[in-house]
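Colleague: Chain order of the listed sequences is A and B.
Take my numbering: the final residue in the first sequence is number 112, and no numbers are missing along the way.
Take my numbering: the final residue in the second sequence is number 531, and no numbers are missing along the way.
Cβ atoms here follow ideal geometry from the backbone N, Cα and C, with glycine treated the same way.
Keep in mind that this is a model prediction, so the values were computed, not measured.
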Amino acid sequence: MNMRIKEHPILGKIQKGPIVTFYYDDKELEGYEGEPVAVALRAAGVMVHRHTQKRLAPRGVFCAIGRCTDCVMVIDGKPNIRTCITPLSAGMHVQTQYGTSAKFVKKAEGME
Amino acid sequence: MKRYDLIIVGAGPSGLSAAIEAAKCGLKVTVFDENTNPGGQLFKQVHKFFGSKEHKAKVRGFRIGYELLEEANKVGVEVVLNATVAGLFQDKEVTVKIRDAIYHYKADSVIVATGAAENTVPFAGWTLPGVLGAGAAQTMMNLHGIKPGNKVLMLGTGNVGLVVSYQLLQAGCEVAALVDAGSKIGGYGVHAAKLARMGVPFYLSHTIIEAEGIDHVTGVRIGEVDKSWNIIPGTEKHFAVDTICMAVGLSPMAQLLNMAGAQMEENPQKGGCVPICNAYGETSIEGVFVAGDVSGVEEASSAMIEGRIAGVAVAEYLGFINKKELTDKVEQLESALDKLRQGMFALENRGKILEKTEEGYDTSMNLLYKGFCTEAEAEKYPGVTKQVGVHAVIECLQNIPCNPCQDACPRHCIKIGQRITSLPVVDKHKICSGCGLCVAACSGQAIFLVNEEYQDGYASITLPYEFLPLPSKGDIGWALDRGGVNVCQSEVVSVKFSPAFDHTNLLTIKVPVEMAMKARFFKGGSCHAQD
Chain A
1 MNMRIKEHPI
11 LGKIQKGPIV
21 TFYYDDKELE
31 GYEGEPVAVA
41 LRAAGVMVHR
51 HTQKRLAPRG
61 VFCAIGRCTD
71 CVMVIDGKPN
81 IRTCITPLSA
91 GMHVQTQYGT
101 SAKFVKKAEG
111 ME
Chain B
1 MKRYDLIIVG
11 AGPSGLSAAI
21 EAAKCGLKVT
31 VFDENTNPGG
41 QLFKQVHKFF
51 GSKEHKAKVR
61 GFRIGYELLE
71 EANKVGVEVV
81 LNATVAGLFQ
91 DKEVTVKIRD
101 AIYHYKADSV
111 IVATGAAENT
121 VPFAGWTLPG
131 VLGAGAAQTM
141 MNLHGIKPGN
151 KVLMLGTGNV
161 GLVVSYQLLQ
171 AGCEVAALVD
181 AGSKIGGYGV
191 HAAKLARMGV
201 PFYLSHTIIE
211 AEGIDHVTGV
221 RIGEVDKSWN
231 IIPGTEKHFA
241 VDTICMAVGL
251 SPMAQLLNMA
261 GAQMEENPQK
271 GGCVPICNAY
281 GETSIEGVFV
291 AGDVSGVEEA
301 SSAMIEGRIA
311 GVAVAEYLGF
321 INKKELTDKV
331 EQLESALDKL
341 RQGMFALENR
351 GKILEKTEEG
361 YDTSMNLLYK
371 GFCTEAEAEK
381 YPGVTKQVGV
391 HAVIECLQNI
401 PCNPCQDACP
411 RHCIKIGQRI
421 TSLPVVDKHK
431 ICSGCGLCVA
441 ACSGQAIFLV
451 NEEYQDGYAS
461 ITLPYEFLPL
471 PSKGDIGWAL
481 DRGGVNVCQS
491 EVVSVKFSPA
501 FDHTNLLTIK
511 VPVEMAMKAR
521 FFKGGSCHAQ
531 D
């Protein structure tokens with residue numbers, strides 16, 4: 001289902017930048033340039049941004065203003081990027097974060 | 001190291017207001033803000049504010065944001081964005097993180113206007129994607145044009161919970177219910193009434209047991225709580241929602257002040273740990289002031305006035321104006337602030353159930369417990385009168401600091417008087433022209449125009465309407481009562497919009513005359529499906 005608001009009763013038509021392509025894990029997605037990465041992901045139906053290190057619990061957008069750091073992902077190879085306040089740009093590589101990296105690394109038993 | 005007369009931390013409503021006043025007095029001011037855009041949370045406030053004309057009542061929050069930015073620009077305030085203030089040290093040295101570097105600045109005075117952060121309630125499943133702050137939902141839909149979800153359950157019935165629920169409906173989301181562990185609705189009755197008449201249910205003395213879902217929310221279970229906040233067995237309810245919003249209060253973000261060694265106090269009425277300050281906002285550290293939510297959570301309207309007071313106070317502290325000028329400037333501001341802090345929702349009334357209004361009318365208990373008043377309750381109030389021909393019916397039953405309706409009426413039919421919290425009175429001796437300016441001016445959407453002699457056997461009701469698609473003249477639909485129940489079929493007989501209404505459209509519907517004091521909302525679409 002399309003989550004984007006086409007026309008708002010108070011704000012009217014929502015102004016957005018040009019459409020750009022970006023990469024989410026192994027998928028190619030589209031979003032509007034300059035909007036937060038989290039918004040482009042939400043529009044594409046992506047809810048899970050990362051999995052926690054210890055319990056692998058899924059996390060997504062929580063505060064949407066860059067305060068809680070729950071929505072961090074690996075962007076262009078750099079982990080812990082707050083997707084809710086990072087503007088989307090063409091060709092960006094956005095990856096699900098596992099713990100603090102893009103690849104799931106299982107720690108040995110008893111290391112927690 | 002760069003030096004300033006005044007450094008302000010935070011470019012929200014209070015920080016910008018402080019900057020404007022200080023700059024007007026001749027100070028060299030810079031404002032640091034960690035965000036990409038100035039305005040704090042103002043730009044996501046798409047509703048009309050309460051208060052009086054001086055407090056910019058009936059103006060939508062985001063427009064106030066633009067006005068503040070323009071004013072700040074005009075008086076030469078420098079705003080540095082993407083700049084996180086990381087430390088406040090001795091002799092007012094401020095460290096600021098800009099990109100990957102830390103910069104040092106020095107000021108003769110500092111105003112900390114860092115605002116507040118949303119609180120959370122931990123329940124089973126609260127970390128699942130799909131559980132988010134009410135402010136986060138606002139950010140997504142009102143700033144970025146995206147729905148946070150399709151079907152939402154709201155936890156919290158304070159003004160934030162009520163206003164954001166309404167905004168979710170405006171964005172096209174479904175609101176399944178509002179839930180609050182408290183036994184009564186926390187926010188303004190008029191905000192609750194807007195939701196109730198659209199059929200949104202309230203579950204008071206209820207809380208969330210568990211958010212369900214594997215990797216995102218697929219449902220939620222709630223239950224009724226007893227006096228010691230334990231779930232009463234057998235009271236569980238389930239909602240299939242994809243989103244849970246939390247509007248459970250705000251906490252001041254006073255860490256910088258705490259770190260700088262300002263005297264702090266734990267004050268639950270102010271929302272948590274706050275700096276101790278005087279009437280001008282000066283903390284225990286000389287030359288370090290505060291304004292806005294950081295020193296006690298209130299509304300944006302009061303934050304802007306506090307900001308102006310702190311800005312002027314700093315100007316006096318640094319000798320840009322004298323004591324006399326300070327008292328002159330502050331006197332008016334303080335009286336305005338005082339007015340905003342009156343009424344049934346004033347600090348000293350928090351948690352209390354008031355049996356009577358200031359005027360001695362019986363409080364509408366239904367408004368507190370169900371989110372809407374009954375017809376019988378409404379009829380006792382001075383804004384609800386029976387008259388020949390079209391007239392305003394004002395269902396504003398609580399003493400709240402708001403009076404735009406009084407100024408809106410060109411025929412002076414509506415009186416509130418000097419006391420801003422007084423209930424509006426409809427003067428029967430003045431003739432209503434049916435212009436509808438009061439309907440659009442009411443931030444609480446509590447004013448309706450009723451004409452019981454519209455046609456033989458039919459009454460007309462004009463109501464505020466802020467949704468899309470906007471119904472057209474001739475549309476047939478349901479008239480809903482205050483509790484959102486379909487009471488009769490009705491026809492849209494007129495749709496008015498005007499720049500003066502600022503997107504609050506006026507819908508006039510025709511209903512059988514016995515429904516004149518019952519019908520309060522219109523739902524378009526096919527009646528037949530539900531017949």
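Would you call B:ARG99 buried or exposed, if buried means 16 or more other Cβ atoms sit within 10 Å of its Cβ?
Modeller: If you number the second sequence from 1, residue 99 of chain B lands on position 99. Burial call: exposed.
Colleague: Consult DSSP for B:SER17 and reduce its assignment to one of helix, strand or coil.
Modeller: On the second sequence, position 17 is the one that residue 17 of chain B refers to. Of the three classes helix, strand and coil, the one that applies to B:SER17 here is helix, per DSSP.
Colleague: Just verifying my parser: in three-state terms, what is the DSSP assignment at B:SER284?
Modeller: By one-based count along the second sequence, residue 284 of chain B stands at place 284. B:SER284 falls in the coil class under three-state DSSP.
Colleague: For the region 212-226 of chain B, which residues have a beta carbon sitting closer than 7 Å to at least one beta carbon of chain A?
Modeller: For the region 212-226 of chain B, which is checked against every Cβ of chain A, the residues closer than 7 Å are ASP215, HIS216.
Colleague: Please work out which residues of its chain come closer than 8 Å, Cβ to Cβ, to B:TYR458, disregarding the five sequence neighbours upstream and downstream, and give them in chain order.
Modeller: In the second sequence, the residue the question calls residue 458 of chain B occupies position 458. Contacts found: LYS510, VAL511, PRO512, VAL513.
Colleague: What does B:ALA171 reach in chain A if we use C-beta pairs closer than 8 Å?
Modeller: The sequence position of residue 171 of chain B within the second sequence is 171, counting from 1. Per Cβ cutoff of 8 Å: ILE5, HIS8.
Colleague: Whose Cβ in chain B lies nearer than 8 Å to the Cβ of A:VAL48?
Modeller: For the purposes of this step, residue 48 of chain A is taken as residue 48 along the first sequence, with counting starting at 1. Neighbours of A:VAL48 on chain B, chain order: PRO129, ASP215, HIS216.
Colleague: Closest to B:GLU224 by CA distance: which of B:GLU212, B:THR218, B:GLY213, B:ILE208 is it?
Modeller: Within the second sequence, residue 224 of chain B is the residue found at index 224, counting from 1. Closest option to B:GLU224, Cα to Cα, is B:ILE208.
Colleague: Taking 8 Å as the cut-off, decide whether the C-beta atoms of B:GLU358 and B:ASN399 are in contact.
Modeller: Walking along the second sequence from the start, residue 358 of chain B turns up at place 358. Walking along the second sequence from the start, residue 399 of chain B turns up at place 399. Taking 8 Å as the Cβ cut-off, B:GLU358 and B:ASN399 qualify as a contacting pair.
Colleague: Excluding five sequence neighbours on each side, which residues of the same chain lie with their C-beta closer than 8 Å to the C-beta of B:ALA124?
Modeller: The sequence position of residue 124 of chain B within the second sequence is 124, counting from 1. The answer, listed in chain order, is ILE209, GLU210, ALA211.
Colleague: Which residues of chain A have a Cβ atom closer than 8 Å to the Cβ of B:ILE146, listed in chain order?
Modeller: In the second sequence, the residue the question calls residue 146 of chain B occupies position 146. The contacting residues are MET3, ARG4, ILE5, VAL39, ARG42, ALA43.
Colleague: Three Cβ pairs or more, each shorter than 8 Å: is that satisfied between the region 37-47 of chain A and the region 180-198 of chain B?
Modeller: The answer is no - the region 180-198 of chain B does not touch the region 37-47 of chain A, with fewer than three Cβ pairs under 8 Å.
Colleague: Using the Cα positions of B:CYS527 and B:PHE521, report the straight-line distance between them to the nearest angstrom.
Modeller: As a working mapping, residue 527 of chain B is identified with position 527 in the second sequence. As a working mapping, residue 521 of chain B is identified with position 521 in the second sequence. With a pLDDT of 49 at B:CYS527, under the threshold of 50, the modelled position of this residue cannot be trusted; read the value that follows with caution. Whole-angstrom Cα-Cα distance: 15 Å.
Colleague: So is B:PHE467 in contact with chain A if we call contact Cβ pairs under 8 Å?
Modeller: In the second sequence, counting from the first residue as 1, residue 467 of chain B sits at position 467. Yes, because at least one Cβ of chain A sits closer than 8 Å to the Cβ of B:PHE467.
Colleague: Mind checking if B:ARG60 is an interface residue toward chain A, Cβ cutoff 8 Å exclusive?
Modeller: Counting from one through the second sequence, the residue named residue 60 of chain B turns up at place 60. Answer yes: the Cβ-Cβ gap between B:ARG60 and chain A drops below 8 Å somewhere.
Colleague: Residues in the same chain with beta-carbon distance under 6 Å from B:GLY199, minus the five sequence neighbours each way, listed in chain order, please.
Modeller: The residue given as residue 199 of chain B occupies position 199 in the second sequence. So the list reads GLY484, once near-sequence residues are dropped.
Colleague: Starting from B:LEU88, trace the alpha helix (DSSP H) in both directions and tell me its first and last residue.
Modeller: For the purposes of this step, residue 88 of chain B is identified with residue 88 of the second sequence, where counting begins at 1. Taken as a continuous stretch (DSSP letters only), B:LEU88 belongs to no alpha helix (DSSP H), being part of the beta strand (DSSP E) at 83-89.
Colleague: Taking only three categories from DSSP, how would you classify B:SER251?
Modeller: As a first step, residue 251 of chain B is located in the second sequence; it is residue number 251 there, counting from the start. Strand, per DSSP.
Colleague: Can the beta-carbon of A:VAL72 be found less than 8 Å from the beta-carbon of A:TYR23?
Modeller: Indexing the first sequence from 1 puts residue 72 of chain A at position 72. Indexing the first sequence from 1 puts residue 23 of chain A at position 23. No, they are not a contact pair.
Colleague: Under 8 Å, do B:THR29 and B:LEU16 count as touching if we go by C-beta distance?
Modeller: Position 29 of the second sequence, counting from 1, holds the residue named residue 29 of chain B. Position 16 of the second sequence, counting from 1, holds the residue named residue 16 of chain B. A small correction: the amino acid at residue 29 of chain B is Val; Thr does not occupy that position in the sequence shown. Their beta carbons are not under 8 Å apart, which means B:VAL29 does not touch B:LEU16 by this criterion.
Colleague: Please work out which residues of its chain come closer than 7 Å, Cβ to Cβ, to B:ALA516, disregarding the five sequence neighbours upstream and downstream, and give them in chain order.
Modeller: As a working mapping, residue 516 of chain B is identified with position 516 in the second sequence. Excluding residues within five positions, the ones whose Cβ falls inside 7 Å are VAL450, GLU452, ALA459, ILE461.
Colleague: Can you tell me which of the three DSSP states A:ILE14 falls into?
Modeller: Counting from 1 along the first sequence, the entry for residue 14 of chain A is found at position 14. Looking at A:ILE14 - three-state DSSP - the assignment turns out to be coil, as it is neither helix nor strand.
Colleague: Which of the three DSSP states is assigned to B:PHE501 in this structure?
Modeller: As a working note, residue 501 of chain B is residue 501 in the second sequence. If DSSP states are grouped into helix, strand and coil, B:PHE501 belongs with the helices.
Colleague: What does DSSP give as the partner residues of A:LYS78 in its beta bridges?
Modeller: As a position in the first sequence, residue 78 of chain A is number 78, starting the count at 1. According to DSSP, A:LYS78 bridges with A:ILE75.
Colleague: Rounded to whole angstroms, how far is the Cβ of B:GLN41 from the Cβ of A:HIS8, which I believe are closer than 8 Å?
Modeller: For the purposes of this step, residue 41 of chain B is taken as residue 41 along the second sequence, with counting starting at 1. For the purposes of this step, residue 8 of chain A is taken as residue 8 along the first sequence, with counting starting at 1. In fact, because the Cβ distance is near 18 Å, the residues do not count as touching under 8 Å.
Colleague: Quick check on the DSSP output: the beta strand (DSSP E) that includes B:PRO464 runs from which residue to which?
Modeller: Position 464 of the second sequence, counting from 1, holds the residue named residue 464 of chain B. Where B:PRO464 is concerned, the enclosing beta strand (DSSP E) stretches over 458-465.
Colleague: What are the partner residues of B:ILE98, as DSSP defines its beta bridges?
Modeller: Counting from one through the second sequence, the residue named residue 98 of chain B turns up at place 98. DSSP, once it has assigned bridges, lists B:ALA83, B:ALA101 as partnering B:ILE98.
Colleague: Going along the chain, which unbroken runs of the beta strand (DSSP E) with 3 or more residues stay wholly within the region 25-92 of chain B?
Modeller: Fully enclosed beta strand (DSSP E) runs of 3 or longer: 29-32, 78-80, 83-89.
Colleague: So, with DSSP's three-state summary, where would you put B:ALA107?
Modeller: Counted from its first residue, the second sequence places residue 107 of chain B at position 107. Of the three classes helix, strand and coil, the one that applies to B:ALA107 here is strand, per DSSP.
Colleague: Once the 5 residues before and after B:GLY383 are set aside, which same chain residues still bring their CB inside 6 Å of it?
Modeller: Residue numbering aside, residue 383 of chain B sits at position 383 when the second sequence is read from its first letter. So the list reads ILE394, CYS396, PRO424, VAL426, once near-sequence residues are dropped.
Colleague: As a quick exercise: from B:TYR369, B:GLY351, B:SER295, pick the residue whose alpha carbon is nearest that of B:LEU204.
Modeller: One-based indexing of the second sequence puts residue 204 of chain B at position 204. For the residues B:TYR369, B:GLY351, B:SER295, the minimum Cα distance to B:LEU204 belongs to B:TYR369.
Colleague: According to DSSP, is B:ILE305 part of a helix, a strand, or is it coil?
Modeller: Counting from one through the second sequence, the residue named residue 305 of chain B turns up at place 305. It is helical.
Colleague: Can we say the region 56-75 of chain A touches the region 113-127 of chain B, given the rule of at least three CB pairs closer than 8 Å?
Modeller: Judged by Cβ distances under 8 Å, the region 56-75 of chain A makes contact with the region 113-127 of chain B, as three or more pairs qualify.
Colleague: Assign A:MET92 to one of two classes, buried (16 or more other C-beta atoms within 10 Å of its C-beta) or exposed (fewer than that).
Modeller: By one-based count along the first sequence, residue 92 of chain A stands at place 92. Buried.
Colleague: So for B:LYS370, helix, strand or coil by DSSP?
Modeller: Working through the second sequence from its first residue, we reach residue 370 of chain B at position 370. Coil, per DSSP.
Colleague: For a contact defined as C-beta to C-beta under 9 Å, what are the partners of B:ALA500 on chain A?
Modeller: As a position in the second sequence, residue 500 of chain B is number 500, starting the count at 1. None at all; the shortest Cβ gap to chain A is about 15 Å.
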